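Q: Quick one: the structure is below, questions incoming.
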Amino acid sequence: VSSRPKSKYPRCPKCNKATYLHHKYKHYNRYKCGSRKCNHAFSQYHNLNIDLASSENLTGSLSMKGMRFPLHTILTALTLYFLNNTSTRAISQFLKVTSNISVSHVTISSWVHKFAPYFKEKAKIFNAQLDLNSDDWHADETVVFISGKKYYLWLAIDSETRFVLAFHLTQARDSDAAFILMNQAKSMGKPKHFITDRLPSYNEAVKTVLNESTHIPVPPMSSDTNNNLIESFNKTFKAWYKAKKGFNSFEKANNLVYMFIFHYNFIRPHGSLNGSTPAEVAGFNTNDSNKNNWFIAA
């Protein structure tokens, strides 16, 4: 990083004096004016080839056909796992007692993550019906552990519908991760305001990727315009995650988070939404039968 003004660098937008490179980042450079009297700092973006979010790298099956067990059995297991925070061993016992179906907890453990790509294809079709151009979107990060190592789950949520717009699972808590989250979320619409905590990583990402939105960084519990909405999601997610006692691989964790969010957006009834799902509030037209059957026939 150079501390001397150079002609190849952009001129200061305030005083037109020469600038120097203060810091070089993956997606932008930070420059400072060479004039001590001005000392203005600004950013210039040079690389918007933003990496894909982890949600775009799911592994598993694109079909639920040809399964050894009936679809109803598999869907019952999925519902118990994602709605009731039930363990795979408890689900195995439940199926044996209520339906005399013998299925091992290992098989159920496979079901709950292997169909993530299948449901992602469903979501792509359903998302075309949604209107998520609301006043406020919120973003936050929450910690999860994979094989004992700390990871951050980055999330973006629509305020009006409670719909989870995007997620990215990574060990990083930096501007690159924020760029990835913003880039994934923008495919869902354009908010007037993007509300985050005061993590500096968000600043340039929102300014660049969602440049038509106003960034509102807020401290916790500061006012009516706070990030409590996403904290509510985190509470629901953490109650489910706690029962899992962490994840044992990145691929499975990524798939399980996707499955949880699909269920949260399209199937799980929300008391704060009068029993509707976030997708229904956003305009998704469905019925209880389709939801209960995880849209297999949809």
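Numbering (our numbering), first residue to last: 1 to 298.
Every residue gets a Cβ at the ideal spot worked out from N, C-alpha and C, and that includes glycine.
Every value quoted in this text rests on a predicted model; they were computed, and no experiment measured them.
Spatial neighbours of leucine 229 within its chain, please: C-beta separation below 7 Å, excluding the five flanking residues on both sides.
A: His138, Ile157 and Ser159
Q: On the DSSP letters alone, give me the boundaries of the beta strand (DSSP E) that phenylalanine 42 sits inside.
A: 41 to 45
Q: Over what stretch of residues does the alpha helix (DSSP H) that includes tryptophan 294 continue unbroken?
A: Per DSSP, tryptophan 294 belongs to no alpha helix (DSSP H) and is neither H nor E.
Q: What whole-angstrom Cβ distance do histidine 193 and threonine 214 have, given they're in contact under 8 Å?
A: Yes, histidine 193 and threonine 214 are in contact; Cβ-Cβ is about 5 Å, under 8 Å.
Q: Leaving out the 5 sequence neighbours to the left and right, which residues in its chain are closer than 6 Å to leucine 256 when beta-carbon positions are compared?
A: His113, listed in sequence order.
Q: Identify whether proline 117 lies in helix, strand or coil by the three-state DSSP scheme.
A: helix
Q: Give the single residue among His270, Met67 and Met182 whose Cα lies nearest to the Cα of valine 281.
A: His270
Q: Taking a contact to mean a Cβ-Cβ separation below 9 Å, would you say isoleucine 296 touches methionine 67 in this structure?
A: no
Q: Can you tell me which of the three DSSP states threonine 59 falls into?
A: coil
Q: For valine 97, count neighbouring C-beta atoms within 10 Å of its own C-beta (all shown protein chains included) and say buried if the count is 16 or more, exposed if not.
A: exposed
Q: What whole-angstrom Cβ distance do isoleucine 195 and valine 218 have, given they're in contact under 8 Å?
A: Yes, isoleucine 195 and valine 218 are in contact; Cβ-Cβ is about 6 Å, under 8 Å.
Q: Thinking just about the alpha-carbon of each residue, which of Leu95, Ile180, Val103 and Asp288 is nearest to the one in alanine 53?
A: Cα-wise, what sits closest to alanine 53 is Ile180.
Q: Using DSSP bridges, identify the partner residues of leucine 169.
A: Leu153
Q: In angstroms, rounded to a whole number, what distance separates the CA positions of tryptophan 111 and threonine 19?
A: Whole-angstrom Cα-Cα distance: 57 Å.
Q: 9 Å is my cut-off, CB to CB: does isoleucine 261 come that close to chain C?
A: Judged by its chain identifiers, the structure shown contains no chain C, having just a single protein chain.
Q: In this structure, does DSSP put tyrosine 9 in helix, strand or coil?
A: coil
Q: Measure the alpha-carbon distance for threonine 236 versus tyrosine 264 and round it to whole angstroms.
A: 9 Å
Q: On the criterion of 16 or more Cβ atoms from any shown chain inside 10 Å, does leucine 62 qualify as buried, or is it exposed?
A: Exposed is the call here.
Q: For serine 87, collect the residues of the same chain with a Cβ closer than 7 Å to its Cβ; drop the 5 residues on either side in sequence, then sort them by chain order.
A: Ala243
Q: Are histidine 40 and proline 13 close, meaning C-beta to C-beta below 9 Å?
A: yes
Q: Between which two residues does the beta strand (DSSP E) holding aspartate 140 run?
A: For aspartate 140, the uninterrupted beta strand (DSSP E) segment begins and ends at 136 to 146.
Q: If we ignore side chains and look at the alpha-carbon of each, how far apart do leucine 153 and histidine 168 end up?
A: 6 Å
Q: Does any heavy atom of the ligand GDP sit closer than 8 Å to the C-beta of histidine 40?
A: By its list of ligands, the structure shown contains no ligand whatsoever, and the ligand GDP lies outside what it can speak to.
Q: Along the chain, where does the alpha helix (DSSP H) that runs through lysine 252 open and close?
A: According to the DSSP assignment, lysine 252 belongs to the alpha helix (DSSP H) that extends over 250 to 266.
Q: Tell whether a beta-carbon distance below 9 Å holds between isoleucine 50 and valine 209.
A: yes
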